[in-house]
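2 protein chains.
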Amino acid sequence: MDPTKPPIDLIAAALRREREREKLSLSEVAKRAGIAKSTLSQLESGAGNPNIETLWALAVALNVPFSRLVEPPPTAPRVIRAGEGPTVKSGQADFIGTLLATSPPGVRRDIYLMRVEPVGARKADAHLAGTVEHVVMISGRLRVGPEDSPVDLDVHDYASFAGDVAHGYEALAPHTSFALVMEHR
Amino acid sequence: MDPTKPPIDLIAAALRREREREKLSLSEVAKRAGIAKSTLSQLESGAGNPNIETLWALAVALNVPFSRLVEPPPTAPRVIRAGEGPTVKSGQADFIGTLLATSPPGVRRDIYLMRVEPVGARKADAHLAGTVEHVVMISGRLRVGPEDSPVDLDVHDYASFAGDVAHGYEALAPHTSFALVMEHR
DNA sequence: ATAAGTCGTTCGCTGTACCGAACGGATGTA
DNA sequence: TACATCCGTTCGGTACAGCGAACGACTTAT
Chain A
1106 MDPTKPPIDL IAAALRRERE REKLSLSEVA KRAGIAKSTL SQLESGAGNP
1156 NIETLWALAV ALNVPFSRLV EPPPTAPRVI RAGEGPTVKS GQADFIGTLL
1206 ATSPPGVRRD IYLMRVEPVG ARKADAHLAG TVEHVVMISG RLRVGPEDSP
1256 VDLDVHDYAS FAGDVAHGYE ALAPHTSFAL VMEHR
Chain B
1106 MDPTKPPIDL IAAALRRERE REKLSLSEVA KRAGIAKSTL SQLESGAGNP
1156 NIETLWALAV ALNVPFSRLV EPPPTAPRVI RAGEGPTVKS GQADFIGTLL
1206 ATSPPGVRRD IYLMRVEPVG ARKADAHLAG TVEHVVMISG RLRVGPEDSP
1256 VDLDVHDYAS FAGDVAHGYE ALAPHTSFAL VMEHR
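Chains as they are written, first to last, in the working numbering: chain A, 1106 to 1290; chain B, 1106 to 1290.
Next up, the structure:
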């Protein structure tokens, strides 16, 4: 979500899109949401500046999560082959991260394919507060987590932890790789 | 996000929490957001019903994604060992899904570890509109995607596609496994 | 001490988001 | 044809969100 420009147009579009997807009339949605249909009419036309209660009621009436009304539309299918895609390398450790998915423009969650070799540990500083990291092991063996309480993971293991405290990644075996979902909230 | 009860308390708490995290004064935040500090004062005290423009400006001023102001707080560290965790089995294909992470209470994204054997294909019906699926290959070989345009994936490949159209998973090799991030928006 | 700078709260005032009613247009049905 | 119902839009009235000013409480400097 772009934090720089007003979301009113997005909301207007979303309201109409979601309503038509549910095949509901404007009047019906207004009734379900307990708001005047005139209000909804104006909102859908892009005029107005709804307050939270109104928008919330509409999200419920349309049976969609709230943020669906305040975010841009979906993405297109997309494949990144092994070895392709934008990579992030680290000198600190033998380490390659491939950015697989990022939700533009104001990132909510990124997905990386990470490959680490057992040459020293990778220390990651704390990220933005509220970040949560999810690890799904693909191959090798990994020591990961907050500095004071790391865990060791094997293939198919999963771990998640808050990313806003100092933490690190250390490969314990060659050709260690894992999927990393980094969630910013 | 719980779509049943009003978010105003959540917002009030979030506003104060994020402001204190950034170590900013109420006056400062109000100034940055271009709103009256009296307004912010009332919002933080839980009184009021802000409109979208106001909330948006505050999100920008606090340097957090908008939805951070409308959602419940973070999660705790957590490990699920290979073989552990709640699983979903399918009779339709030789198929095991392990639910690794779900963001309570109104799900935004789930993370699964999926294991499939090459015995017929798994047809997944369309999910809720707006769902997006992300696949990171762990082992084996997988045919996946919309019915009319599937792709074949090998280890370390990645693919994403809209989950709200009919699509399927089919293992092309034994012991096929992958991480699946299912995103509801 | 007192003046000047914060801080966050409380107070009328004003603009406006929301409401309800009335409207014109489609469609259905006696 | 007239008479229902729907639909979505447009129009005044009103309650209230947001504003600026003033407030008391606290720090820091003079």
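Here a beta-carbon is modelled for each residue, glycine too, at the ideal position from N, C-alpha and C. Bear in mind the structure is a predicted one, so any value in this text is a computation, not a measurement.
Would residue i pass as an interface residue toward chain A - the criterion being a Cβ-Cβ separation below 8 Å?
{"i": "B/I1157", "result": "yes"}
{"i": "B/Y1263", "result": "yes"}
{"i": "B/S1146", "result": "no"}
{"i": "B/P1210", "result": "Confidence is the limiting factor: at B/P1210 the pLDDT is only 37, short of 50, which leaves the residue's position unreliable and the question unanswerable from this model."}
{"i": "B/F1171", "result": "yes"}
{"i": "B/S1282", "result": "yes"}
{"i": "B/L1129", "result": "no"}
Please classify residue i: does DSSP put it in a helix, a strand, or coil?
{"i": "A/S1150", "result": "coil"}
{"i": "A/R1246", "result": "coil"}
{"i": "A/A1284", "result": "strand"}
{"i": "A/L1218", "result": "strand"}
{"i": "A/L1258", "result": "strand"}
{"i": "B/L1174", "result": "helix"}
{"i": "A/L1277", "result": "coil"}
{"i": "A/V1224", "result": "coil"}
{"i": "A/E1252", "result": "coil"}
{"i": "A/A1264", "result": "strand"}
{"i": "A/A1187", "result": "coil"}
I want to see whether chain B comes within less than 8 Å of residue i, judged by CB atoms only; does it?
{"i": "A/D1259", "result": "yes"}
{"i": "A/V1175", "result": "yes"}
{"i": "A/P1279", "result": "no"}
{"i": "A/A1138", "result": "no"}
{"i": "A/I1116", "result": "yes"}
{"i": "A/V1221", "result": "no"}
{"i": "A/S1276", "result": "Residue 1276 of chain A is actually Ala in this sequence, not Ser. So, not an interface residue."}
{"i": "A/I1216", "result": "yes"}
{"i": "A/I1201", "result": "no"}
{"i": "A/V1241", "result": "yes"}
{"i": "A/G1273", "result": "no"}
{"i": "A/V1286", "result": "yes"}
{"i": "A/P1255", "result": "no"}
{"i": "A/A1187", "result": "yes"}
{"i": "A/A1206", "result": "yes"}
Just to confirm before moving on: does the CB-CB distance between residue i and residue j stay below 8 Å?
{"i": "A/H1239", "j": "B/I1216", "result": "yes"}
{"i": "A/R1220", "j": "A/S1150", "result": "no"}
{"i": "A/A1284", "j": "A/V1241", "result": "yes"}
{"i": "A/I1116", "j": "A/V1175", "result": "yes"}
{"i": "A/P1218", "j": "B/Y1274", "result": "Correcting the residue type first, residue 1218 of chain A is Leu in the shown sequence and not Pro. Contact: no."}
{"i": "B/F1171", "j": "B/A1164", "result": "yes"}
{"i": "A/L1148", "j": "A/L1167", "result": "no"}
{"i": "B/A1187", "j": "A/V1260", "result": "yes"}
{"i": "A/A1267", "j": "A/G1245", "result": "no"}
Quiz item: Within the chosen definition, does the stretch 1276-1288 of chain A reach the stretch 1124-1132 of chain B through at least 3 CB pairs nearer than 8 Å?
Solution: By the Cβ test, the stretch 1276-1288 of chain A is not in contact with the stretch 1124-1132 of chain B, since fewer than three Cβ pairs between them sit closer than 8 Å.
Quiz prompt | Cβ contact (3+ pairs, closer than 8 Å) linking the stretch 1249-1265 of chain A and the stretch 1133-1147 of chain B | solution = Verdict: no, contact absent.
Self-check item: Those runs of the beta strand (DSSP E) which lie wholly inside the stretch 1109-1172 of chain A and span at least 3 residues
Solution: Those beta strand (DSSP E) runs which fall completely within the stretch 1109-1172 of chain A and span 3+ residues do not exist here.
Quiz item: Counting pairs of Cβ atoms below 8 Å between the stretch 1111-1126 of chain A and the stretch 1148-1158 of chain B, do you hit three or more?
Solution: Yes, they touch.
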